[in-house]
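In our numbering, the protein residues as written are 1373 to 1635.
Right, one structure below, let's go through it.
Here you go:
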């Protein structure tokens, strides 16, 4: 087995570990919820997942660095490899009992994202990709994973756009640009977080964008979208998951979208 295949197998094992924790506490009446300094919620499940993933990685790949949303960075100076973890992307949904949340796991080797896993157990879906090997999804409808491919839509007038809540667009003075983009598309819907990017990878949606977002929110989705044939950049058009904002498309529409919404 190649090193990349071993890494992906480990990432999928980590997703299994996370799913067991998150599902057990989802919709629990005694779920413990705190507020972080940035006023976003964090639950006992968020911290338990990240703690468990870090424990497993410390045994399986002790030489690697880790970056997680809840516990920050632990740096191994002698390796370019770094695991990037969002224990629950969509914590606000998780707290409210909405099943649209996922654990996001990615591996970065130097400047390259080599794999990504997005596991949404309450939706019975898991997406995963490794560099050069394509992107796939399990949806609980069969034993085999389905290979993913972005859409072939070429015109904005035929496209579907996904975007998160309006507050961040207002805070970044980007609301008018978003509205202009929405008016240029056939259809727009407010699917946010990981879900929008996975819909792009599946080919069900053509455009997903975010005005304020962090590396752990984007690393795994970027790996999956790109392996599905799409394009993933920040709103300045730079191919990165660490630009503070994001745009994912089927690739065919990317430049047209940037012309409207790009910074």
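Note that beta-carbon positions come from the ideal geometry of N, C-alpha and C, so glycine has one too.
Item, Value
"To which residues does DSSP link residue 1497 through a beta bridge?", "1492"
"Touching or not, the stretch 1477 to 1487 and the stretch 1376 to 1385, by the rule of three or more beta carbon pairs under 8 Å?", "yes"
"Does the beta-carbon distance from residue 1507 to residue 1519 come in below 9 Å?", "yes"
"Please state if the CB of residue 1635 and the CB of residue 1607 are separated by a distance shorter than 9 Å.", "yes"
"Mark residue 1613 as exposed unless 16 or more other C-beta atoms lie within 10 angstroms of its C-beta, in which case mark it buried.", "buried"
"Please go through the stretch 1566 to 1594 and give each complete beta strand (DSSP E) segment of 3 or more residues, from N-terminal end onward.", "1579 to 1582"
"Could you tell me the boundaries of the alpha helix (DSSP H) in which residue 1468 lies?", "1463 to 1468"
"Return the Cβ separation of residue 1489 and residue 1387 in integer angstroms, given the expectation that the two are a contact with Cβ distance under 8 Å.", "5 Å"
"Buried or exposed for residue 1373, please, with buried defined as at least 16 other CB atoms from any protein chain shown within 10 angstroms of its CB.", "exposed"
"With DSSP as the reference, identify every bridge partner of residue 1413, one or two as the case may be.", "1407"
"Could you work out which residue in 1618, 1416 and 1596 is closest to residue 1466 when comparing CA atoms only?", "1416"
"If the criterion is Cβ atoms closer than 9 Å, does the pair residue 1532 and residue 1585 meet it?", "no"
"Assign residue 1404 to buried or exposed, taking buried as 16 or more other Cβ atoms, counted over all protein chains shown, within 10 Å of its Cβ.", "exposed"
"Around the Cβ of residue 1394, are there at least 16 other Cβ atoms within 10 angstroms (buried) or fewer (exposed)?", "buried"
"Please report the straight-line C-alpha distance between residue 1631 and residue 1440, rounded to a whole angstrom.", "33 Å"
"Who are the Cβ neighbours of residue 1575 in its own chain at under 6 Å, not counting the five residues just before and after it?", "1521, 1522 and 1523"
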